[in-house]
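In this note's numbering, the protein residues as written are 8 to 270.
Just so you know, even glycine gets a beta-carbon here, dropped at the ideal spot from N, CA and C.
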Amino acid sequence: MIAKLASYFQKGGNLLLKNVVGLNLLPGETSQTFYADDGLWTLHNHDFMQDEKYRNAYERGVQACSNNRMYWRVHTALWAASVAQHVAGDFVECGVNRGFVSSAVMTYLDWNRLTKSFYLLDTFGGIDARFVTEEEKAGGVLTKNDRVLAMGGYATDVEAVRANFQEWDRVHIIQGTVPETLEQVPAEQIAYLHIDMNNATPEAAATDYFWPKMSPGGVILYDDYAYVGYTPQKKAIDALAAKYNVPVLSLPTGQGILIKPCI
Numbered sequence: 008m009i010a011k012l013a014s015y016f017q018k019g020g021n022l023l024l025k026n027v028v029g030l031n032l033l034p035g036e037t038s039q040t041f042y043a044d045d046g047l048w049t050l051h052n053h054d055f056m057q058d059e060k061y062r063n064a065y066e067r068g069v070q071a072c073s074n075n076r077m078y079w080r081v082h083t084a085l086w087a088a089s090v091a092q093h094v095a096g097d098f099v100e101c102g103v104n105r106g107f108v109s110s111a112v113m114t115y116l117d118w119n120r121l122t123k124s125f126y127l128l129d130t131f132g133g134i135d136a137r138f139v140t141e142e143e144k145a146g147g148v149l150t151k152n153d154r155v156l157a158m159g160g161y162a163t164d165v166e167a168v169r170a171n172f173q174e175w176d177r178v179h180i181i182q183g184t185v186p187e188t189l190e191q192v193p194a195e196q197i198a199y200l201h202i203d204m205n206n207a208t209p210e211a212a213a214t215d216y217f218w219p220k221m222s223p224g225g226v227i228l229y230d231d232y233a234y235v236g237y238t239p240q241k242k243a244i245d246a247l248a249a250k251y252n253v254p255v256l257s258l259p260t261g262q263g264i265l266i267k268p269c270i
């Protein structure tokens, strides 16, 4: 189905663009491009990609990690971090890899002007097989993990990652497996939590551990919440969201957002 949709858009994209004037636009307003990345196809406004501040932040992410096809996902992360900078508490990222998103965030926020700390957690060795569920094993998570590691997709040189963050103050890199490393984060309040570990058990553990520490208005951003092939993660997070009585916002990028209520 996905392949058919992709083929449809590839073949019909130009036709759609020719007809876009009829889609509730203002007189004389036209759309010349559509966005096609992050699993998302849209004709709607995406001029954030032309914003100089965004572009500088994105390029800093590319400097940390060469993957350069995460435009809307990074846009979402920058929005979440921008909101969270006004909330009491520190920043945490579980699943930093080489630091694409966190580097973009720190550039975007001009990190050194803030007083917050940023805690960056990763195994620096791919997914820990001890915490992979049977459902995930059946879905090929370990096979994919081995393939990504062999291709160099996961960071294994923690010192290179440390070097990437040298320009910023109050950055703390914690190596090891979540949930075993969670208590190494001394922050009493959390404003921003980005979770991207490609594995249901540690993602749920991080959510449940930090939820009591999340400040009202604090943002949790899940990179893979609605991503194709990551259903076990969505199930685990949905169960916790039901316990907290707070729904997750599912995004067409595959991300999810959970905000700590103010009451």
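- If you ignore the 5 residues before and after Ala246, its C-beta comes within less than 8 Å of the C-beta of Ala211, all in its own chain and listed in chain order.
- Comparing alpha carbon positions, the residue from Met204, Asp58, Ile227 and Leu256 closest to Asn104 is Met204.
- Distance between Ala88 and Asp45, taken at the CA atoms: about 19 Å.
- Note that the region 145–154 does not touch the region 96–115; fewer than 3 beta-carbon pairs, one per stretch, sit closer than 8 Å.
- One alpha carbon belongs to Gly146, the other to Tyr234, and they sit about 14 Å apart.
- For a cut-off of 8 Å, the C-beta gap from Ala84 to His179 is around 19 Å, too long to register as a contact.
- Residue pairing of Thr49 in beta bridges, as defined by DSSP: Tyr42.
- DSSP, reduced to helix, strand and coil, places Phe172 outside both helices and strands of the structure shown, so it counts as coil.
- When secondary structure is reduced to three states using DSSP, Asp97 falls in the strand class.
- Beta-bridge partners of His179 (DSSP): Tyr126.
- Thr40 and Leu50 have their C-alpha atoms spaced approximately 7 Å apart.
- Annotated three-state conformation of Pro239 is helix, per DSSP.
- Nearest C-alpha to Arg62 among Ser110, Pro219 and Thr208: Ser110.
- Listed as beta-bridge partners of Ser257 by DSSP are Gly263.
- Leu156 carries a helical assignment under DSSP once its states are collapsed to helix, strand and coil.
- Ranked by Cα distance from Ala170, the first of Trp48, Tyr42, Ala71 and Leu47 is Ala71.
- Under DSSP, Val226 takes part in a beta bridge, and its partners are Tyr199 and Ile266.
- Judged by their CB atoms, Tyr232 and Lys241 are nearer to each other than the 9 Å cut-off.
- Selection Gly106, Glu59 and Gly261 evaluated against Asp129 yields Gly106 as nearest (Cα-Cα).
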